[in-house]
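Trainee: My questions all concern the structure below.
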Amino acid sequence: MDFKPSPEVESLLERIEAFMDEHVYPVEAEAIKAIDEEVKPGVPYPEILVGIRATAKEQGLWNLFLPDGEYGAGLSNWEYGILCEQMGRSPIIASMAFNCSAPDTGNMEILVDHGTDEQKQRFLQPLLDGEIRSCFSMTEPEVSGSDPTTLQTRAELTDGEWVINGHKWFTSGANGADFAIAMVVTDPDAPPYTRASMILVPIDTPGFELIRNVSVMGHDEGPGHCEVRYTDCRVPEGNLLGERGAGFVIAQDRLGPGRIHHCMRAIGTAERAIEMMCNRANSRDSFGGPLADKQFVQDFIAKSRMEVDQARLLTLYAAWQMDTEGKRRARQAISMIKVVAANVVMDVLDRAIQVHGSLGMSDDTPLAGMWRFSRMLRVADGPDEVHKMVIARRELNRAAKRAEGSDSGDGRRHAPVEGTDGSAEPAKAAS
Ligand SMILES: Cc1cc2nc3c(=O)[nH]c(=O)nc-3n(C[C@H](O)[C@H](O)[C@H](O)COP(=O)(O)OP(=O)(O)OC[C@H]3O[C@@H](n4cnc5c(N)ncnc54)[C@H](O)[C@@H]3O)c2cc1C
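In this text, residue positions in the sequence shown follow our numbering: the first is 675, and each later residue adds one.
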């Protein structure tokens, strides 16, 4: 493994840094407020971001996430990961500025891989051009999102149309989006992992009802995390994305790179928090000297540096494994970084807030906003506990396979553990 960026990536990184210094940080607070106030159906981005995005596009800092050179920058996952870290320093504004924000990125990836020519023209191209936003509609209030085999929203094929009925929530970004990719049950009698499909649903389709932006830690404005009801919502048969019954396979394709992006952005957020924590510690006096001289504060800083550097290396390793051995082989590393990065960023932000005292709790610095924004990472795309369960199952399985047919040292023979491939099958204790 060699994570020294190529001259091309180095140059992109420098240009992104310069762009953020000039166009992002100076208006960051204003742009966050404008998103809250201006985004609504038909208005995907506020005026201030329309201008910033146009400049980024002109400068070629656009769609950098797509590994397919025909549509994007053609970077490997670890190379784009390094750029994501830079963007994560301003996690809401920078990704939007460069047309690299979730869930559009994941939606574009699966449209590139699975979309028909018509779907690419209607849905992918305007996303690539930055004219619209999209959302991903999978989680339902009534069933556990951690176990998506329990999804209830149904789509039935009737007279050449999919008729969708169901209830979703946390469809992030639905307010102001042009279309949703809905994960729905098309084949209820099939085995659990082939029951669901993905269907493209324009937001203005009759029967698509945006009920509300769910309030998340006191915040319910802007693109939102939306509650949506589908009532006899009819879309053409041709809006099926990929194969019928392939919803879970496509979802897995989408999640691997998406998790790397989230983790590297989280590391960028944590880096900025460390920088702010150090600046505050150097400049604030208490009990006769700077906070920087207090060992408690030094402990915060040292721990944060060690944790962030470990998380970065593990994330780059997962990205590198995905690039060189494929998404399937990288699953264990991806699960691990999903847990590690989400927790590291929260711990570092918490320490940075603590060192800032009441200022840290206020919205006069970006810390409190970054804390609220980052907290979701421990829940969305699979909660910590589910990833840990899967990590442990794979380890147990590996140990059981090693022990298969041999004495493991404790005088007992161990059988392999079932369901250790990340499926929702419960692991059985080795007997
Ligand atoms: C801010 C935010 C944005 C989101 N955006 C989207 C989006 O755009 N589209 C979308 O479809 N979804 C989105 N989600 C939903 C997210 O993917 C789900 O919240 C997640 O999958 C968990 O599902 P759940 O909320 O139903 O929790 P549940 O499945 O009910 O789980 C609750 C808790 O139970 C525990 N738990 C669950 N299973 C196990 C287990 N096996 N072992 C031990 N503990 C367990 C965990 O602690 C977990 O947090 C978003 C969520 C948030 C918070």
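Don't be surprised by glycine CBs; every beta carbon is placed ideally from N, CA and C.
Report the residue ranges of all alpha helix (DSSP H) runs contained in full by the region 688 to 764; include only those spanning at least 4 residues, in chain order.
Mentor: Taking only runs of at least 4 residues, the alpha helix (DSSP H) segments lying wholly in the region 688 to 764 are 702 to 712, 721 to 732 and 751 to 761.
Trainee: What is the rounded straight-line gap between the Cα of residue 806 and the Cα of residue 729?
Mentor: Between residue 806 and residue 729, the C-alpha separation is close to 17 Å.
Trainee: In terms of residue numbering, what span does the beta strand (DSSP E) encompassing residue 774 cover?
Mentor: No beta strand (DSSP E) contains residue 774, which DSSP labels as neither H nor E.
Trainee: Using 10 angstroms around the beta-carbon of residue 717, count the other beta-carbons present and answer buried if the total reaches 16, otherwise exposed.
Mentor: Label assigned to residue 717: exposed.
Trainee: In angstroms, rounded to a whole number, what distance separates the CA positions of residue 1006 and residue 675?
Mentor: Between residue 1006 and residue 675, the C-alpha separation is close to 18 Å.
Trainee: In three-state DSSP terms, what is residue 887?
Mentor: Strand at residue 887.
Trainee: Where do the ends of the beta strand (DSSP E) carrying residue 858 lie?
Mentor: Per DSSP, residue 858 belongs to the beta strand (DSSP E) from 853 to 859.
Trainee: Do residue 841 and residue 860 have their beta-carbon atoms positioned less than 9 Å apart in this structure?
Mentor: For residue 860 and residue 841, no; Cβs fall outside 9 Å.
Trainee: Between 784, 834 and 777, which has its C-alpha nearest residue 809's C-alpha?
Mentor: The option with the nearest alpha carbon to residue 809 is 777.
Trainee: Out of 839, 889, 774 and 724, which has the shortest C-alpha to C-alpha gap to residue 882?
Mentor: It is 839 whose Cα lies nearest to the Cα of residue 882.
Trainee: For ligand 1, I want to know if residue 937 counts as a neighbour, meaning its beta carbon is within less than 8 Å of at least one of the ligand's heavy atoms.
Mentor: No, since every heavy atom of ligand 1 falls outside the 8 Å radius drawn around the Cβ of residue 937.
Trainee: Can you give me the Cβ contacts of residue 759 inside the same chain, cut-off strictly under 8 Å, excluding the 5 residues immediately before and after it?
Mentor: Counting only Cβ-Cβ distances below 8 Å, and skipping sequence neighbours, we find 938, 939, 941, 942, 945 and 986.
Trainee: Can you tell which of 706, 998 and 762 has the C-alpha that lies nearest to the C-alpha of residue 687?
Mentor: It is 762 whose Cα lies nearest to the Cα of residue 687.
Trainee: DSSP three-state label for residue 862, please.
Mentor: Here residue 862 sits in coil by DSSP.
Trainee: Tell me whether residue 875 is buried or exposed, calling it buried when 16 or more other Cβ atoms sit within 10 Å of its Cβ.
Mentor: So residue 875 counts as buried.
Trainee: Is there contact between the region 965 to 980 and the region 1020 to 1030, where contact requires at least three CB pairs shorter than 8 Å?
Mentor: The region 965 to 980 vs the region 1020 to 1030: in contact.
Trainee: With DSSP collapsed to three states, give me the class of residue 1082.
Mentor: Because residue 1082 carries a pLDDT of 46, less than 50, the predicted location of this residue cannot be relied on, and no value is offered for it.
Trainee: So residue 992 packs on residue 1004, CB below 8 Å; how close in whole Å?
Mentor: The pair is a contact, with the Cβ atoms about 6 Å apart (cut-off 8 Å).
Trainee: Give the range of the alpha helix (DSSP H) segment to which residue 630 is assigned.
Mentor: The question about residue 630 has no answer, for the chain in this structure spans 675 to 1105.
Trainee: When DSSP builds the beta bridges, which residues end up paired with residue 829?
Mentor: The partner list for residue 829 (beta bridge, DSSP) reads 838.
Trainee: From residue 710 to residue 1073, what does the alpha carbon distance come to, in whole angstroms?
Mentor: Cα to Cα, the separation comes out at about 50 Å.
Trainee: Given a threshold of 16 other Cβ atoms within 10 Å of its Cβ, counted over all protein chains shown, does residue 933 qualify as buried or as exposed?
Mentor: Buried, since its Cβ has 16 or more Cβ neighbours within 10 Å.
Trainee: Sorted by chain position, which residues of the same chain lie with C-beta nearer than 8 Å to residue 811's C-beta, five sequence neighbours on each side aside?
Mentor: The residues are 842, 845, 848, 854, 855, 856, 857, 875 and 902.
Trainee: For residue 841, is the beta carbon positioned less than 8 Å from some heavy atom of ligand 3?
Mentor: For the structure depicted, ligand 3 is absent and the ligand set comprises only ligand 1.
Trainee: Please state whether DSSP places residue 1039 in a helix, a strand or coil.
Mentor: Residue 1039 falls in the coil class under three-state DSSP.
Trainee: Mind checking which residues open and close the beta strand (DSSP E) that includes residue 873?
Mentor: That run of the beta strand (DSSP E) goes 870 to 876.
Trainee: Give, in chain order, every unbroken run of the alpha helix (DSSP H) that is at least 4 residues long and sits entirely within the region 1007 to 1077.
Mentor: Runs of the alpha helix (DSSP H) inside the region 1007 to 1077: 1032 to 1035, 1041 to 1049 and 1058 to 1077.
Trainee: At a cut-off of 8 Å, is residue 797 close to ligand 1 when judged by its beta-carbon and the heavy atoms of the ligand?
Mentor: No; taking the cut-off as 8 Å, the Cβ of residue 797 has no heavy atom of ligand 1 nearer than that.
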